[in-house]
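Following the working numbering, the numbering of the sequence shown begins with 6 at its first residue and continues without gaps.
We put the CB at the ideal spot given by N, CA and C, even for glycine.
Because the structure is a prediction, the values reported are computed rather than measured.
Note sheet for the following structure.
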Amino acid sequence: MFKLSKIKYLITGFLLLSALCIVQSCGDVEPTEPTVASTSINVKIDCYSGAEVGDHRIIYELTPVDITGEQGKDLAFTIDKLHSSNSICNGGTHKFPHFVGSLAKGVWNVKIYAGNWTAECEARLENGNQLVNFTKGKYGCMTGYSFP
6 MFKLSKIKYL
16 ITGFLLLSAL
26 CIVQSCGDVE
36 PTEPTVASTS
46 INVKIDCYSG
56 AEVGDHRIIY
66 ELTPVDITGE
76 QGKDLAFTID
86 KLHSSNSICN
96 GGTHKFPHFV
106 GSLAKGVWNV
116 KIYAGNWTAE
126 CEARLENGNQ
136 LVNFTKGKYG
146 CMTGYSFP
């Protein structure tokens with residue numbers, strides 16, 4: 006009698022939890038997409054093979070143009086960064102990446118100052134991570150894995 010009573014309570018509890026799960030949509034949970042954008046802003050500097058790369062001061066200026074996301078940074082800001090590198094140039098270029106996270110989704114104007122060179126472009130930043138690439142001496146940028 007005791008065992009039967011215990012089984013009855015277990016079955017009743019299971020049925021109640023199952024019903025609650027159906028009402029609450031506990032089935033297969035869809036993975037959620039990130040709600041903010043992140044970007045790695047890369048500046049490629051051409052150099053001759055075997056040269057020391059040295060230090061490069063790069064100023065990154067990000068200004069929102071058309072924000073569509075509700076989370077993340079949505080105001081203009083500037084980052085002033087001294088990239089130090091004692092490495093030797095290989096293949097004629099050296100890349101200086103800078104990661105910027107937690108940006109609101111949408112279109113951003115990205116402007117780069119490096120010495121007497123300036124370049125800018127508008128980049129659409131969506132969920133997850135994106136690449137925004139500049140090449141010193143050239144205007145504009147490219148997104149993805151290509152450089153201007």
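When the options are compared against residue i, the one with the closest alpha-carbon
i	options	result
residue 66	83, 106 and 60	83
residue 150	41, 43, 58 and 47	47
residue 49	91, 43, 117 and 113	117
residue 86	60, 137 and 130	60
residue 72	135, 109 and 141	109
residue 130	145, 122 and 106	106
residue 111	63, 80, 152 and 58	80
Sub-8 Å separation of residue i and residue j beta-carbons
i	j	result
residue 41	residue 127	no
residue 138	residue 125	no
Residue i, enclosing beta strand (DSSP E) - first and last residue
i	result
residue 100	98-108
residue 86	82-88
residue 153	Per DSSP, residue 153 belongs to no beta strand (DSSP E) and is neither H nor E.
residue 3	No answer is possible for residue 3: it lies beyond the span of the chain, which begins at 6 and ends at 153.
residue 77	Element bounds for residue 77: n/a, residue is neither H nor E.
residue 51	42-51
Nearest-angstrom Cβ-Cβ length linking residue i and residue j, presumed shorter than 8 Å
i	j	result
residue 44	residue 135	5 Å
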